[in-house]
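Residue numbers (the working numbering): 6 to 261.
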Amino acid sequence: FKEIDRLEAVFSRFNATSEIGQINRLRPGESLRISLDAFECLKVAERVQRETAGAFNINFRQAGNSSERPEFELIAADSGFRVRLRQDFLGRSPAGLDLDLGAVGKGYALDKAASIRAEWSVEPFLIHGGTSTALAAGDAPGLSQGENGWPVGVGGTWELPGVPKRALLKGRALSGSGTEVKGRHIRDPRTGRPAEGHLAVWVSHPSAAVSDALSTAFMAMSKKEARRYCERHSDVWALLITPKKKGLLFNREILG
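Shown next, in the form of structure tokens:
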């Protein structure tokens, strides 16, 4: 798992010499050459931010819900990959970047670790980044007849009708976010206030980076927004515990 440790060093905002640390020090108009890993992870974050209409935003910490939030652009060229801090129409930026990949970097690292294991034909496996994201391939030993994948727990301590207690992962990731341990620690980037969409969320996707990001975004999104997202993205499985303590399951058939 040296790959996960390596990527943690690349993505850490607490390390001034990391790529993210250097990006956060960019001035308006400046650019920085970055690694393929940083470029790909930032592209995932950019994509999820766009698809969720801003419910996910790795640059939320610095400017909150300010309309003057600074923006960056990613550039891919034959000479390599770069990130540039955009200027506004006056050529200035009212606040510097403060990128935080905490809600996507862990998942990206799991994706990379899984790709290395696949290259070496190391299956089956279940890998996880702490307790919030897991990624599985192949079948776990000792499964009951007719079962496939790896059993993982979902639903937390919520004993509600229609809320499953486990899911079988195979070639997919599962990520969870909630309020039970840290309270309402997730903020809605669109308002700057604590996210009040749901009490807990679990999301499954073939990419651990995407499931990681979406589990954070869905905490801020309404059930209507989450439902529409899952209708548009048939590869996303989601379980939501609403403020009224009701379980909602989208694309149920994906995990059986």
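Note that beta-carbon positions come from the ideal geometry of N, C-alpha and C, so glycine has one too.
Supposed contact pair residue j and residue i - C-beta distance, whole angstroms, cut 8 angstroms
i, j, result
"residue 206", "residue 227", "That pair is no contact at about 12 angstroms."
"residue 213", "residue 178", "4 angstroms"
"residue 115", "residue 134", "5 angstroms"
"residue 208", "residue 241", "7 angstroms"
"residue 1", "residue 162", "Residue coverage of the chain in this structure runs from 6 to 261, which leaves residue 1 outside it and unanswerable."
"residue 142", "residue 152", "About 15 angstroms; that fails the 8 angstroms criterion."
"residue 260", "residue 140", "The pair is not a contact, with the Cβ atoms about 14 angstroms apart (cut-off 8 angstroms)."
"residue 53", "residue 222", "6 angstroms"
"residue 34", "residue 90", "7 angstroms"
"residue 165", "residue 250", "6 angstroms"
"residue 175", "residue 154", "3 angstroms"
"residue 262", "residue 194", "One cannot answer for residue 262 here, as it falls past the ends of the chain, which runs 6 to 261."
Segment limits, alpha helix (DSSP H) that includes residue i
i, result
"residue 13", "7-16"
"residue 112", "110-124"
"residue 216", "213-225"
"residue 25", "24-28"
"residue 91", "Run containing residue 91: none; DSSP gives neither H nor E here."
"residue 231", "228-237"
Run of the beta strand (DSSP E) containing residue i, from where it starts to where it stops
i, result
"residue 80", "77-82"
"residue 246", "242-246"
"residue 38", "36-39"
"residue 3", "Nothing can be reported for residue 3, as the shown portion of the chain is limited to 6 through 261."
"residue 255", "252-255"
Cross-strand partners of residue i (DSSP beta bridge)
i, result
"residue 209", "179, 242"
"residue 104", "Partner(s): none; residue 104 has no beta bridge."
"residue 85", "82"
"residue 139", "133, 179"
"residue 47", "According to DSSP, residue 47 bridges with nothing at all."
"residue 157", "172"
"residue 31", "Beta-bridge pairing links residue 31 to no other residue."
"residue 166", "Partner(s): none; residue 166 has no beta bridge."
"residue 262", "What the structure shows of the chain is the stretch from 6 to 261, and residue 262 is not part of that stretch, so it cannot be assessed."
Fill in: the region 13-33 contacting the region 118-135, beta-carbon criterion three pairs below 8 angstroms
no
Worksheet item: Can we say the region 80-92 touches the region 236-254, given the rule of at least three CB pairs closer than 8 angstroms?
Response: Contact between the region 80-92 and the region 236-254 is absent: fewer than three C-beta pairs spanning the two stretches fall below 8 angstroms.
Practice prompt. Evaluate contact between the region 103-119 and the region 22-30, counting only Cβ atoms and requiring at least three cross-stretch pairs below 8 angstroms.
Written response: yes
Worksheet item: On the three-pair Cβ rule with 8 angstroms, is the region 138-149 touching the region 231-240?
Response: no
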